[in-house]
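Written below as structure tokens is the structure these notes are about.
Right under this line is the structure:
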């Protein structure tokens with residue numbers, strides 16, 4: 051049994067402008083010790099999916115209208131709120147993009163790290179502080195003994211993100227949801243944080259759901275990838291397979307438009323048009339308005355093709371391995387090696 | 080790349096910008112943020128120079144000080160033959176035709192109360208390039224079409240557009256006055272991958288069409304590799320290395336450049352590399368480390384590095400590196416062993 055199994059999740063928002071189907075039938079699973087990358091552009095529903103897993107969607111206007119979220123076999127969608135609170139921060143933790151805004155400015159980082167420990171573990175304050183201190187040391191905060199009593203504003207962005215990770219991992223979660231954990235950080239700090247997450251994953255064996263728009267981060271850290279477009283899964287595959295022979299025209303387009311896979315100064319491949327906003331999601335295949343392969347058939351919902359080894363694509367006209375290789379390799383020649 | 084050398088359109092010499100820091104009841108000056116601390120480089124006509132570095136390295140301040148959007152403390156900035164810091168108010172306003180800027184955030188850089196036509200056409204009227212509002216409107220329509228938007232959008236307001244469209248409007252505004260030089264301050268950083276590719280193509284096309292040169296301020300090394308002819312690497316207000324794009328990516332010689340390139344994630348899952356992980360954070364620019372500013376994080380640092388500011392050594396044509404140990408850096412170093420972080 052997978053650690054987390056999301057089945058046909060639908061999270062819709064009921065607004066004055068109508069019903070926004072931000073997440074509309076998303077399915078994927080995460081195993082223990084696995085890093086799953088969830089990629090897509092703004093508005094594809096990647097953050098809403100993450101928030102849905104812990105039922106953190108503001109309600110109203112949002113609502114999970116369908117699907118199941120099975121965590122170790124229990125459905126989080128229907129779990130009573132009391133039970134859910136035992137899961138949040140304990141079995142499943144979240145790290146958000148903005149370490150600057152997700153820490154409380156009026157409490158010391160030590161107090162904030164201890165909060166979850168005191169809530170979920172039967173320990174007294176001294177023991178909780180010892181656990182918190184140990185976590186802060188493990189995530190690489192220098193002079194943790196003194197910094198544990200500092201306030202968030204006394205720390206740099208990279209240090210705050212380390213504190214967030216220490217908080218998230220203090221109860222040894224089985225699943226860590228990391229929503230753009232390094233997007234606000236500089237590259238050298240990003241490298242530190244990604245390495246830290248990988249090390250901690252190896253020692254703790256937790257599953258990681260890494261949400262990002264950065265395909266470089268995916269290529270370097272994820273075992274498997276789910277590509278989202280307009281609230282639906284376009285394609286899912288092992289990282290190697292996805293970058294080698296993507297089958298969905300959207301994935302192919304994304305890879306071809308990356309500057310680091312093209313010869314310097316050349317014209318970049320572009321996907322026509324823009325990501326549609328949730329009010330204007332097309333019927334049928336939602337990518338069809340921008341897809342070079344679109345046909346009349348695409349007005350119907352796309353079927354799923356199973357390409358083996360867990361590689362699945364939702365498309366009427368998936369690319370063959372040879373075509374995909376040719377299209378993406380052509381751009382790679384002369385690229386950044 | 081052009082075959083025959085042209086004189087540089089932009090020449091920066093020893094540009095300095097410090098921001099004073101005040102403290103206490105009497106607002107006494109207690110120090111200064113050394114945002115830009117003596118940088119020099121040239122930009123040739125038709126060329127793109129990328130200025131890269133992490134938060135707080137002074138790259139944005141440098142771009143703005145060059146255009147006098149903030150007043151530099153000292154130094155020279157020659158643009159199309161005139162030294163910008165010497166210009167008086169009227170002359171500066173006049174010379175702004177030659178030098179424009181595209182900002183990172185397309186949401187806050189367009190006036191929400193002006194129509195797109197006013198935003199693009201305003202400068203044309205101000206500089207007397209066109210005489211009537213109707214002419215300005217016509218020119219704005221042409222420019223909108225050129226950047227890939229509908230000409231009829233001139234009567235709309237910025238809030239009606241997406242981030243990518245707004246960035247196109249910012250670009251149309253910048254090229255409207257037919258400038259020689261544009262500072263692109265993180266101009267594509269906030270955009271999604273598919274939109275980013277469209278805007279990069281547009282910038283490359285316009286460069287040829289309008290015979291522009293760009294200073295491309297960014298932290299995104301894959302974008303830099305794609306668009307830059309030359310690269311300037313900054314750290315804490317100073318240039319640590321500058322070279323042609325090919326040299327920077329194939330033969331980086333400053334330990335910081337090497338670490339920066341190594342840290343940037345690549346999109347090839349089959350070549351997961353051992354990254355060079357720099358320890359710690361960038362120090363505060365208020366009291367930057369003495370000597371070489373990188374010495375607190377540098378794997379090669381010796382006693383000399385904390386005592387003496389390294390000069391810019393010329394190691395090849397157009398390749399300068401400010402490091403005492405530049406002779407020892409031909410093989411990118413592995414500093415993972417010296418990292419204090421648990422692994």
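Protein chains in written order, with this note's numbering: chain C, 51 to 387; chain A, 80 to 422. Each residue gets a CB set at the ideal place from its N, CA and C atoms; glycine is no exception.
CB contact check: residue i to chain C, cutoff 7 Å
i: residue 279 (chain A); result: yes
i: residue 133 (chain A); result: yes
i: residue 357 (chain A); result: yes
i: residue 167 (chain A); result: no
i: residue 273 (chain A); result: yes
i: residue 363 (chain A); result: no
i: residue 382 (chain A); result: no
i: residue 187 (chain A); result: no
i: residue 163 (chain A); result: no
i: residue 312 (chain A); result: no
Residue i - DSSP class collapsed to helix/strand/coil
i: residue 55 (chain C); result: strand
i: residue 277 (chain A); result: helix
i: residue 97 (chain C); result: helix
i: residue 313 (chain C); result: coil
i: residue 222 (chain C); result: coil
i: residue 343 (chain C); result: coil
i: residue 164 (chain C); result: helix
i: residue 320 (chain A); result: strand
i: residue 86 (chain C); result: strand
CA-to-CA distance, residue j to residue i, given in whole angstroms
i: residue 54 (chain C); j: residue 134 (chain A); result: 37 Å
i: residue 272 (chain A); j: residue 277 (chain C); result: 13 Å
i: residue 416 (chain A); j: residue 334 (chain C); result: Confidence at residue 416 (chain A) is low in this model, with a pLDDT of 38, below 50, so the placement of that residue should be treated as unreliable; the coordinate-derived value is given next. Their Cα atoms are separated by approximately 53 Å.
i: residue 280 (chain C); j: residue 269 (chain C); result: 22 Å
i: residue 204 (chain C); j: residue 242 (chain C); result: 20 Å
i: residue 238 (chain C); j: residue 190 (chain C); result: 14 Å
i: residue 135 (chain C); j: residue 121 (chain C); result: 14 Å
i: residue 244 (chain C); j: residue 271 (chain C); result: 8 Å
i: residue 185 (chain C); j: residue 166 (chain C); result: 13 Å
i: residue 147 (chain A); j: residue 407 (chain A); result: 39 Å
i: residue 287 (chain A); j: residue 197 (chain C); result: 53 Å
i: residue 358 (chain A); j: residue 387 (chain A); result: 22 Å
i: residue 121 (chain A); j: residue 87 (chain A); result: 6 Å
i: residue 209 (chain C); j: residue 222 (chain A); result: 45 Å
i: residue 321 (chain C); j: residue 283 (chain A); result: 17 Å
i: residue 328 (chain A); j: residue 338 (chain A); result: 12 Å
7 Å Cβ cutoff, residue i in contact with chain A
i: residue 162 (chain C); result: no
i: residue 267 (chain C); result: yes
i: residue 199 (chain C); result: no
i: residue 337 (chain C); result: no
i: residue 293 (chain C); result: yes
i: residue 289 (chain C); result: yes
i: residue 87 (chain C); result: no
i: residue 310 (chain C); result: yes
i: residue 252 (chain C); result: no
Same chain only: Cβ atoms within 6 Å of residue i, ignoring 5 sequence neighbours per side
i: residue 291 (chain C); result: 361
i: residue 96 (chain C); result: 88, 90, 261 and 278
i: residue 8 (chain C); result: This structure leaves residue 8 (chain C) out entirely; chain C is present only between 51 and 387.
i: residue 234 (chain A); result: 194
i: residue 187 (chain A); result: none
i: residue 67 (chain C); result: 329
Cβ neighbours of residue i in the same chain (closer than 7 Å, five flanking residues each side left out)
i: residue 327 (chain C); result: 93
i: residue 119 (chain A); result: 91, 92 and 93
i: residue 394 (chain A); result: 332, 400 and 405
i: residue 344 (chain C); result: 338
i: residue 162 (chain C); result: 153, 154 and 217
i: residue 139 (chain A); result: 264 and 296
i: residue 372 (chain A); result: 314, 315 and 317
i: residue 200 (chain A); result: 215, 216, 218 and 219
Close-in-space but distant-in-sequence residues of the same chain around residue i (CB under 8 Å, 5 per side omitted)
i: residue 81 (chain C); result: 52, 53 and 257
i: residue 351 (chain C); result: 334 and 335
i: residue 364 (chain A); result: 112, 113, 114, 135, 137, 315 and 316
i: residue 194 (chain C); result: 183, 186 and 187
i: residue 143 (chain A); result: 149, 180, 262 and 264
i: residue 107 (chain C); result: 61, 98, 101, 113 and 114
Test: residue i CB closer than 7 Å to a CB of chain B
i: residue 191 (chain A); result: The structure shown has no chain B; the protein chains it does contain are C and A.
Three-pair Cβ contact test at 8 Å for the region 309-322 of chain A versus the region 156-170 of chain A: As far as the Cβ criterion goes, the region 309-322 of chain A does not touch the region 156-170 of chain A, which means the pair count is below three.
Decide if the region 216-225 of chain A is in contact with the region 183-193 of chain A; the criterion is three or more beta carbon pairs, one per stretch, under 8 Å apart. Because the criterion of three Cβ pairs below 8 Å is not met, the region 216-225 of chain A and the region 183-193 of chain A do not touch.
Decide if the region 258-271 of chain A is in contact with the region 293-307 of chain A; the criterion is three or more beta carbon pairs, one per stretch, under 8 Å apart. In short, these stretches touch, since the Cβ pair count reaches three.
Do the region 290-308 of chain C and the region 368-378 of chain C meet, that is, are 3 or more Cβ pairs less than 8 Å apart? When Cβ pairs closer than 8 Å are counted between the two stretches, the region 290-308 of chain C is seen to touch the region 368-378 of chain C, the count reaching three or more.
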